Amino acid sequence: MQIKGERAATACGLVAILLWSTASGLIRSVSEIFGPLGGAALIYSLGAIMLVMFLGRPRLRSTSSFYLIIGTALFVAYEVCLSLALGYASNSNQAIELGVVNYLWPCLTVLLAIVMNGQKARWIIVPGTVLALFGIVWVVSGNGLSLPAIMANVASNPLSYSLALACAITFALYCNVTRRYAGGQSLVGLFFIVTAALLWIKYGLSSEVLPAFTLGGGLQLLAAGIAMAGGYALWNIGIIRGNLTLLATASYSAPVLSSAFAAVWLGASLTLQFWQGAVLVTVGSLICWLATRERSASQTK
């Protein structure tokens, strides 16, 4: 897929965001059918096959060894953490909460862009970051703003919440490392292959047993594979050649879109406080982006 223009590349990134908005709900439903490890391994195996079929084999010779190692490590870490965080969630509602925690990554992407890639920003990035973080706290609290409630909620499943937070950090790092060191090359096919291999190893060491395939389970697996493979193929094009700050901005709608799809798909009932928190994450992240846009605009006057 040869996409060279910035507008076309940015459009690819926007489509990726729509695909990703379905991913959390699909990953959770697949894990309920095939197990956390088995389901994730199947999703990334299918995704790897799709990527190699449509994008061809990854070109490694023109890629720096630094990006080959660090980019692969960050991507695989993110995907494993995301799949297991959702797979090990206690119930569908908690899985959706964890998805919102994961969506701290757009805010962190902008913050890390300032440090790693020299992105300029105005002071309003501080309240934007605080608002996004407060949104996460509001979602996790569950019933008003209560520290004991937050601690109890996290303590009920510390592994999943820790993995979700790790997702936000590792993917923000991945976006900035890819932007700076990828050299225009997309290795997402390789990343999926390595992720699938690691998940199969973990599956082999676990006590999980894959159930018999059914038509319904197979269709959900296919949908998840398309959402993940298509999303990443298009996203890599977007962050390499497109407008990264615009894509980061658009991705801030993902917590609400993802939660809405997952709630319908999984049949979960979400509280008003949850939606308030999801919107706060979105608005806070938008303010972070606005901080970079205002600075850029003022410098052109």
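Residue numbers (my numbering): 85 to 385.
Backbone N, C-alpha and C fix where the C-beta goes; we use that ideal spot for every residue, glycine too.
Just so it is clear, the structure is predicted and the values come from calculations on it, not from any experiment.
The stretch 276 to 288 touching the stretch 152 to 165, judged by at least three CB pairs closer than 8 Å: Contact between the stretch 276 to 288 and the stretch 152 to 165 is present, because at least three Cβ pairs lie under 8 Å.
Can you check the stretch 300 to 339 for any alpha helix (DSSP H) of at least 4 residues that lies completely inside it and give the ranges in chain order? As far as the stretch 300 to 339 is concerned, its whole alpha helix (DSSP H) runs of at least 4 residues are 328 to 335.
In whole angstroms, give me the CA-to-CA distance for L274 and P232. As a working mapping, residue 274 is identified with position 190 in the sequence shown. As a working mapping, residue 232 is identified with position 148 in the sequence shown. The straight-line gap from Cα to Cα measures roughly 43 Å.
Between the alpha carbons of V199 and L257, how many angstroms are there, rounded? Mapped onto the sequence shown, residue 199 falls at position 115. Mapped onto the sequence shown, residue 257 falls at position 173. Taking the straight line joining both Cα atoms gives about 11 Å.
Of the choices Y336, V194, F255, L170, whose alpha-carbon is the least far from that of L362? Looking up residue 362 in the sequence shown gives position 278. Checking the displayed sequence, the identity of residue 362 turns out to be Ala instead of Leu. Among Y336, V194, F255, L170, the Cα nearest to that of A362 is on Y336.
Presumed contact (8 Å Cβ cut-off) between S176 and L350, rounded CB distance: For the purposes of this step, residue 176 is identified with residue 92 of the sequence shown, where counting begins at 1. For the purposes of this step, residue 350 is identified with residue 266 of the sequence shown, where counting begins at 1. Yes, they are in contact, since the Cβ atoms of S176 and L350 sit about 4 Å apart, within 8 Å.
Can you confirm whether the stretch 240 to 259 touches the stretch 94 to 110 when touching is taken to mean that 3 or more C-beta pairs between the two stretches lie within less than 8 Å? With the cut-off at 8 Å, the stretch 94 to 110 and the stretch 240 to 259 do not touch.
Closer than 6 Å by C-beta to L331: which residues in its own chain qualify, once you throw out the five before and the five after it? Chain order, please. Taking the sequence shown and counting its residues from 1, the one referred to as residue 331 is at position 247. Short of 6 Å from the beta carbon of L331, and not among the five residues preceding or following it, lie these beta carbons of its own chain, in chain order: G97, G322.
Contact check, V272 vs A317, beta carbons under 8 Å: Translated into positions along the sequence shown, residue 272 becomes position 188. Translated into positions along the sequence shown, residue 317 becomes position 233. Contact: yes.
Considering only residues of the same chain and omitting the five flanking positions on each side of E90, which have a CB-CB separation below 7 Å? Taking the sequence shown and counting its residues from 1, the one referred to as residue 90 is at position 6. Within the same chain, E90 has close Cβ partners R325, G326, N327.
Hey, how far is the Cα of I220 from the Cα of Y172? Along the sequence shown, one-based indexing puts residue 220 at 136. Along the sequence shown, one-based indexing puts residue 172 at 88. Cα to Cα, I220 sits roughly 19 Å from Y172.
What do you get for Q82, buried or exposed, if any count of 16 or more other CB atoms within 10 angstroms of its CB means buried? Residue 82 falls outside the range modelled here, since the chain spans only 85 to 385, and no answer is possible.
Count the other CB atoms within 10 Å of the CB of A308; is the residue buried (16 or more) or exposed (fewer)? Numbered from 1 along the sequence shown, position 224 holds the residue referred to as residue 308. Buried: at least 16 other Cβ atoms inside 10 Å.
Between Q357 and S113, which are expected to be in contact by the criterion C-beta below 8 Å, what is the C-beta distance as a whole number of angstroms? Counting from 1 along the sequence shown, the entry for residue 357 is found at position 273. Counting from 1 along the sequence shown, the entry for residue 113 is found at position 29. Between S113 and Q357 the Cβ distance is about 24 Å, and since that is not below 8 Å, they are no contact.
Can you list, in chain order, the residues of its chain whose CB lies under 7 Å from that of I101, leaving out five sequence neighbours each side? Counting from one through the sequence shown, the residue named residue 101 turns up at place 17. Result list for I101: A334, S335, A338, in chain order.
Using the C-alpha atoms, what's the distance from A132 back to M235? By 1-based counting over the sequence shown, the position of residue 235 is 151. By 1-based counting over the sequence shown, the position of residue 132 is 48. M235 and A132 have their C-alpha atoms roughly 38 Å apart.
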